[in-house]
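Number of protein chains: 2
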Amino acid sequence: MNKLGDLAGEAPSSEHPKRSRSVVQDQVLANLKDALMSGVFLPGHVFSLRKLASSLGTSAMPVRESLNRLVAAHALEELPNGSVRVPKLSAKGLKEIFEIRLSIEAIATRIACETVGPSIVRDLREINDALLKSLKAMNMTEVLRLNQKFHFTIYEAADSEVLMPIIESLWLRCGPTMYYSFNSPNNLWDNSGHRLLQDAFKKKDPEAAQSAMVLDIGKTRDFLINQASIEQKAGPFASLGKVAV
Amino acid sequence: MNKLGDLAGEAPSSEHPKRSRSVVQDQVLANLKDALMSGVFLPGHVFSLRKLASSLGTSAMPVRESLNRLVAAHALEELPNGSVRVPKLSAKGLKEIFEIRLSIEAIATRIACETVGPSIVRDLREINDALLKSLKAMNMTEVLRLNQKFHFTIYEAADSEVLMPIIESLWLRCGPTMYYSFNSPNNLWDNSGHRLLQDAFKKKDPEAAQSAMVLDIGKTRDFLINQASIEQKAGPFASLGKVAV
DNA sequence: GATTAGTTACTGTGATCACGATTAGGGACT
DNA sequence: AGTCCCTAATCGTGATCACAGTAACTAATC
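So the protein lines, in turn, are chains A and B.
Numbering follows UniProt numbering, with no gaps: position 63 of the first sequence is 63.
Numbering follows UniProt numbering, with no gaps: position 54 of the second sequence is 54.
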């Protein structure tokens, strides 16, 4: 499973590629973030600095700094020997994260609904239409990607440099687990939250938008908690072996 | 301004110092965090990798990783040329941070009051007594340190790996500005919030504790916002530079 | 055949260097 | 005296290396 993304696929032994500024580290970081959100790495996966570097076609330095940033954002956790891995969320930790997500994303939703223009209504509808189509095709990877896009379209509208990093960190933390759980068979996605959200933004009703977001996240949380208790043996919450990179 | 702390002051050219594991980076990071919270660096201060390294008696590597982590936590911000500096908070940014602090720390306070044992009452009283003493002596550095200890005693009691990193990040972001503002002459510290908090924990009343915390943070916010408008010319709120991503 | 000891490969860490870009400073010319 | 250009110092970045600790694997011994 080489090459996480389409990062400059040249051989490491080639001559100096034209790099203007620190694009390398940014690309590596973006790649890793995307991979985490998309469920490329399972919870518990341990990263190897040199292997990751060579698989990305770069040296260890940019990977070191990227992993360091993800550790600082608690998207990855540090092992006693200094290695980093994708955290295995306990049921308690998962519940905590969603508790905070409820509060923070509710605030962001209210602010967004208070300040944003009407163009967001169309954006949200388009995203949700695509989501429903992917849901019908049972393409859960795409469903999760579009769900993320739906939520972040709202949060970006809040235009807060304080809220956004917190929300991103929370999503990075529960992303791997979410991906894992929503790939299970008995998965029925409830779209009522998204509908209520669109209605609230159409009517520019911040209170309604806020409670709709609380409802939407609450449903996701309940599903995940339920899955956690089902998959307690083989799921990402138990001891699962490492996955080759 | 050499030597932030008492970090291994040996000459870099000496023989191998006995280092068991990655204590160096941890010490550097702890030093920088402490310095930020204590107001050693003013908002706008630009860091130089090599100078910081030599002033700390180490090489560039541990400093690089520490600064990187602080950037990831938004405690420092990245300039277009890759240098990092202490952010100059705009009045809007400061207001946002305190808005989130109100929500997050209120939750942490409620959880703490619900779960923690009675020993916290004594701890809080001791800290607040020392705070009042330092206040009488007009030792504002000590007051700020004890205020931080008071708050974090509560937050640590909530025992959450989700809330604590968020709270720490928020304090790191507004720390330099707080230190700067509270060193001003016309500063009267209102201790009523701390008193109400202690009462609430004594009676184990989570709701009262939560609203007392909201009150306490709100008072600090109002004072800071007021200071911001006073010092609009020369203070840390002056012409806010671009905010790099 | 099971256990233990020894060796080998691999881990992150810290230090150092080359590179390109940016910046500040000084000198010369108008 | 003011302005402009050139140079030198400094910046972060990416690559590479030595080191110490650890984990795993192999081989020898009981």
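For each residue, glycine too, the CB sits at the ideal point set by N, CA and C.
- Annotation for residue 151 of chain A: the continuous alpha helix (DSSP H) segment containing it runs 140-158.
- Using a Cβ-Cβ cut-off of 8 Å, residue 73 of chain B is close to 72, 73 of chain A, given in chain order.
- When Cβ-Cβ separations below 7 Å define contact, residue 96 of chain A makes contact with chain B.
- Boundaries of the alpha helix (DSSP H) around residue 99 of chain A: 91-115.
- Contiguous beta strand (DSSP E) elements confined to the UniProt domain "HTH gntR-type" (22-89) of chain A do not occur, taking only those with 3 or more residues.
- DSSP places residue 189 of chain A outside both helix and strand once states are collapsed to three, so it counts as coil.
- Contact between the stretch 30-37 of chain A and the stretch 32-39 of chain B is absent, with fewer than three C-beta pairs closer than 8 Å.
- Chain-order list of chain A residues neighbouring residue 103 of chain B: 103, 104, 107, by C-beta distance under 8 Å.
- Interface with chain B (7 Å Cβ-Cβ cutoff): residue 87 of chain A is excluded.
- Per the C-alpha coordinates, the member of B:25, B:211, B:42, B:48 positioned closest to residue 69 of chain B is B:25.
- If you draw a 10 Å sphere on the C-beta of residue 60 of chain A, you find fewer than 16 other C-beta atoms in it, and that means exposed.
- By the criterion of at least three beta-carbon pairs nearer than 8 Å, the stretch 93-113 of chain A is in contact with the stretch 161-177 of chain B.
- Neighbours of residue 68 of chain A in chain B, taken as residues at a C-beta separation under 7 Å, are given in chain order as 65, 68, 69.
- Shown here, residue 161 of chain A sits in coil according to DSSP, grouped into three states, outside any helix or strand.
- Among the residues of chain B, those whose CB is under 8 Å from the CB of residue 163 of chain A are 96, 100, following chain order.
- Annotated as proximal: residue 214 of chain B and residue 102 of chain B, with beta-carbon spacing under 7 Å.
- Taking a C-beta distance under 7 Å as the contact criterion, residue 77 of chain A and residue 87 of chain A qualify as a contact pair.
- Taking 7 Å as the threshold, the shortest C-beta distance from residue 120 of chain B to chain A does not fall below it.
- Taking a 10 Å sphere around the C-beta of residue 128 of chain A, we find 16 or more other C-beta atoms and assign the residue as buried.
- Of A:50, A:208, A:44, the smallest CA-CA separation from residue 75 of chain A is found for A:44.
- C-alpha of residue 84 of chain B to C-alpha of residue 51 of chain B: approximately 13 Å in a straight line.
- DSSP places residue 205 of chain A in no alpha helix (DSSP H); its state is neither H nor E.
- Between residue 219 of chain B and residue 199 of chain B, the CB-CB gap reaches or exceeds 7 Å.
- Straight through space, the alpha carbons of residue 145 of chain A and residue 209 of chain A are spaced by roughly 21 Å.
- Just measuring C-alpha positions, the residue of B:105, B:92, B:153, B:137 sitting nearest residue 122 of chain B is B:153.
- Residue state for residue 118 of chain B is assigned as coil, using DSSP reduced to three classes.
- The three-state secondary structure of residue 226 of chain A, taken from DSSP, is helix.
- Annotated three-state conformation of residue 212 of chain B is helix, per DSSP.
- For residue 160 of chain A, the closest Cβ of chain B is nearer than 7 Å.
- Residue contact check for residue 59 of chain A against chain B: no CB pair falls below 7 Å.
- Residue-level contact check: residue 217 of chain B does not touch chain A, since none of the beta carbons of chain A fall below 7 Å from its beta carbon.
- Here the C-alpha atom of residue 119 of chain B lies approximately 20 Å from the C-alpha atom of residue 107 of chain B.
- Your pair residue 166 of chain B and residue 166 of chain A checks out as a contact, with CB atoms roughly 6 Å apart and the cut at 8 Å.
- If you draw a straight line from the Cα of residue 90 of chain A to the Cα of residue 72 of chain B, it is about 24 Å long.
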